[in-house]
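Read the structure below first, then the notes.
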Amino acid sequence: MLDPEKTWDVLVVGGGNAALCAAITARQAGASVLLIEHAPRAMRGGNSRHTRNLRAMHERPTSVLTDSYLEDEYWDDLLRVTGGNTDEHLARMTIRASAGVFGFMQESGVRFQPSLSGTLSLSRTNAFFLGGGKALVNAYYLTAEALGVEIVYDSEVLSLAMDDGAVREATITYRGFPATVRARSVVVASGGFQANLDWMRQHWGDAVDNFVIRGTPYNRGRVLRNLLDQGVAPVGDPTQCHAVALDARAPKFDGGITTRLDSVPFSIVLNRNGERFYDEGEDFWPKRYAIWGRLIAQQPGQIAYSICDQKAVMLFMPSVYPAVRADTLGELAERLGLDPAKVQATVAQYNAAVREGRFDNTKLDDCATEGLTPPKTHWARTIDTPPFVGYPLRPGITFTYLGVRVNERAQVLMDDGKPAANLFASGEIMAGNILGKGYLAGFGMTIGTVFGRIAGQEAARHARN
1 MLDPEKTWDV LVVGGGNAAL CAAITARQAG ASVLLIEHAP RAMRGGNSRH
51 TRNLRAMHER PTSVLTDSYL EDEYWDDLLR VTGGNTDEHL ARMTIRASAG
101 VFGFMQESGV RFQPSLSGTL SLSRTNAFFL GGGKALVNAY YLTAEALGVE
151 IVYDSEVLSL AMDDGAVREA TITYRGFPAT VRARSVVVAS GGFQANLDWM
201 RQHWGDAVDN FVIRGTPYNR GRVLRNLLDQ GVAPVGDPTQ CHAVALDARA
251 PKFDGGITTR LDSVPFSIVL NRNGERFYDE GEDFWPKRYA IWGRLIAQQP
301 GQIAYSICDQ KAVMLFMPSV YPAVRADTLG ELAERLGLDP AKVQATVAQY
351 NAAVREGRFD NTKLDDCATE GLTPPKTHWA RTIDTPPFVG YPLRPGITFT
401 YLGVRVNERA QVLMDDGKPA ANLFASGEIM AGNILGKGYL AGFGMTIGTV
451 FGRIAGQEAA RHARN
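Residues 1 to 465 in the working numbering are what the sequence shown spells out, letter by letter.
Structure follows, in structure tokens:
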């Protein structure tokens, strides 16, 4: 039962990876900690329960990572996907800190599986959680409970009352009833606003009706909006988001990782007019998968179709939904609801442009098109071996990049550039400081883990002082 008279050392707003890392770290530092999770217990964990891995720097092979992945390469990967839209100081700090997270994670009950082999090319860069994100979240909750973190489910923080740059109290709904919470320090880790379709509509218009929100339905941005309205400095573009190519048959909310489609690099992707619109083989999928949702969102009707043949079907993980199959391209087009003549013409034009090379799905090979716009720069092979396979694609929104500006101590900054006195942030609500656009597989979990720990440490230190 929530004690209305108690003043906590640290209030953590949110219930995913970033919030849990902050809560555990603050409690280990001796602070009394209250964590408020908007979701009911059965759906706790935010987007983190749909994750699989974390991207980590390392100088030599480990039990879960092969070879090495050094700071400069990591930074170069981030620079390429963001186009330079990142805070280099915070980014490099996060990259360096990623090498040291494994001890904390394992001590908190997280287990890792052996390095992943296969077409995603992640064995060197990303450590995969044994049991996935749900297992990670459950391990953190068990650890937090054992340490004495008080956890409240099915309760929402409605507003944080700020005065002179400090949070004085939080107004919440506690299992449906109004309540007030007081704390000496506050960590906000409540995610973006992607599940708030009215807010999304302000930036995307009616295209939002065709978006799929692949993560938690509880990230509605209420705390983010409240803080921005009180003079907290914003960061990030509200139209930028982690948006992947999702199976169009996925549910509107909470479909998670299994509805993502990884067929794009080994296929061609057509819009509803039967036309290609982007280079499917531009780079390795973990560096490009999070741009495809946005690309599809810009197409007519916010839908696209991935088409390949039997040479490609074993090169990617299939959707949880069965592929659409046919013995001819014309029949496949009809089953997908496309113009058969247009699809056949597009595939014929693509096939004619393919230049023979040495196909290698594990590297940027020399199989490319010539004289075709847009080109396909890697993994280009003719589509000519039946049965042919197709998947319908929609934009799958994971999280938005608009957030609050922070410094290296995870302190939330006000519009005048000064840090708020007792307010800290971690996870998706501040990821826009580092991810201005684009995405690297596993990097969101890295940001949440690193800044969750920093926020927990700093919030506990402030409460003690």
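Ideal Cβ placement from N, Cα and C applies to all residues, glycine included.
Note to self: Let me make sure I understand the geometry here. Which of LEU393, PRO234 and ASN351 has the alpha-carbon closest to that of ALA243?
What the structure shows: LEU393
Notebook entry, point to check: Where do the N-terminal and C-terminal ends of the beta strand (DSSP E) with GLY396 fall, by residue?
Noted result: According to the DSSP assignment, GLY396 belongs to the beta strand (DSSP E) that extends over 388-400.
Notebook entry, point to check: Can you tell me the Cα-Cα spacing of LEU440 and GLU5, whole angstroms?
Noted result: 44 Å
Check: Per DSSP, what kind of secondary structure is THR239 in: helix, strand or coil?
Finding: coil
Notebook entry, point to check: Excluding sequence positions up to five away, which residues of its chain have a Cβ less than 6 Å from the Cβ of HIS76?
Noted result: The sequence given here places Asp at residue 76; His does not occur at that position. Cβ within range, chain order: n/a, list empty.
Item checked: Backbone CA spacing between ARG355 and THR377 [nearest angstrom] -> In this model, ARG355 and THR377 are separated by some 10 Å (Cα to Cα).
Notebook entry, point to check: Roughly how many angstroms separate the alpha carbons of MET445 and SER48, rounded to a whole number?
Noted result: Approximately 8 Å between the Cα atoms of the pair.
Margin query: Using C-beta distances below 6 Å, list every residue in its chain close to ARG182, excluding the 5 sequence neighbours before and after it, in chain order.
Written below: Answer for ARG182: THR7 and GLU169, listed in chain order.
Note to self: Just to confirm the assignment, what range does the beta strand (DSSP E) spanning ASP163 have?
What the structure shows: 155-163
Item checked: Status (buried if at least 16 other CB within 10 Å, exposed otherwise) for THR125 -> buried
Check: Looking only at its own chain, which residues have a Cβ that is under 8 Å from the Cβ of ARG461, when we skip the five neighbours before and after it?
Finding: The answer, listed in chain order, is ALA29.
Notebook entry, point to check: ILE36 to GLY438, Cα distance in whole Å?
Noted result: 30 Å
Next item on the list: Grab me the residues of ALA431's own chain with a C-beta within less than 7 Å of its C-beta, minus the 5 sequence neighbours each way, in chain order.
Entry: For ALA431, where only same-chain residues beyond five positions count, the Cβ hits under 7 Å are TYR401, GLY403, GLY444 and ILE447.
Checklist line | Straight-line Cα distance separating VAL186 from ALA11 | finding: Looking at the sequence itself, residue 11 is Leu, so the reference to Ala does not match. The straight-line gap from Cα to Cα measures roughly 5 Å.
Next item on the list: Kindly indicate which residue of ASP209, PRO238, GLY357 and PRO265 has the alpha-carbon position closest to the one of ALA297.
Entry: ASP209
Notebook entry, point to check: So is ALA146 buried or exposed if we call it buried at 16+ other beta carbons inside 10 Å?
Noted result: exposed
Checklist line | Proximal residues to LEU372 (C-beta, below 6 Å), its chain only, five neighbours per side dropped | finding: ALA353
Note to self: Taking 6 Å as the limit between beta carbons, can you name the residues of its chain near HIS38, skipping five residues before and five after?
What the structure shows: GLU156 and TYR218
Margin query: Using DSSP's beta-bridge definition, name the partner residues of ASP247.
Written below: LEU393
Item checked: Backbone CA spacing between LYS363 and LYS418 [nearest angstrom] -> 46 Å
Checklist line | Segment contact flag, the region 220-240 with the region 298-316, C-beta cutoff 8 Å, min 3 pairs | finding: no
Next item on the list: Please classify GLU169: does DSSP put it in a helix, a strand, or coil?
Entry: strand
Notebook entry, point to check: With 8 Å set as the bound, which would you pick, yes or no: does the beta-carbon of SER319 sit closer than that to a beta-carbon of chain C?
Noted result: Of the chains in the structure shown, none is chain C; there is only one protein chain.
Item checked: Where LEU35 falls: helix, strand or coil (DSSP) -> LEU35 falls in the strand class under three-state DSSP.
Check: ILE95 lies in the alpha helix (DSSP H); which residues open and close that run?
Finding: 88-98
Checklist line | Sequence-distant residues of the same chain with beta carbon closer than 7 Å to ARG52, five excluded per side | finding: PHE128, PHE129, GLY132, GLY133 and ILE257
Next item on the list: Report the three-state DSSP secondary structure of PRO419 (helix, strand or coil).
Entry: strand
Notebook entry, point to check: In chain order, what residues of the same chain lie with their CB nearer than 8 Å to the CB of LEU142, ignoring the 5 residues before and after it?
Noted result: GLY109
Item checked: Extent of the continuous alpha helix (DSSP H) to which ARG222 belongs -> 222-229
Check: If we ignore side chains and look at the alpha-carbon of each, how far apart do VAL269 and ALA207 end up?
Finding: 19 Å
Note to self: Could you compute how far the alpha carbon of LYS287 sits from the alpha carbon of LEU78?
What the structure shows: Between the alpha carbons of LYS287 and LEU78 lies a distance of about 9 Å.
Next item on the list: Please name the residue, chosen from THR398, GLN344 and GLU280, that lies closest to PHE253 on a Cα-to-Cα basis.
Entry: THR398
Notebook entry, point to check: Between which two residues does the alpha helix (DSSP H) containing ASN17 stretch?
Noted result: Counting along the chain, the alpha helix (DSSP H) containing ASN17 begins and ends at 17-28.
Checklist line | THR82 versus CYS241: straight-line alpha-carbon distance, rounded | finding: 12 Å
Check: Smallest Cα separation from THR346: which of ASP283, ALA312 and ASP384?
Finding: In terms of CA proximity to THR346, ASP384 leads the group ASP283, ALA312 and ASP384.
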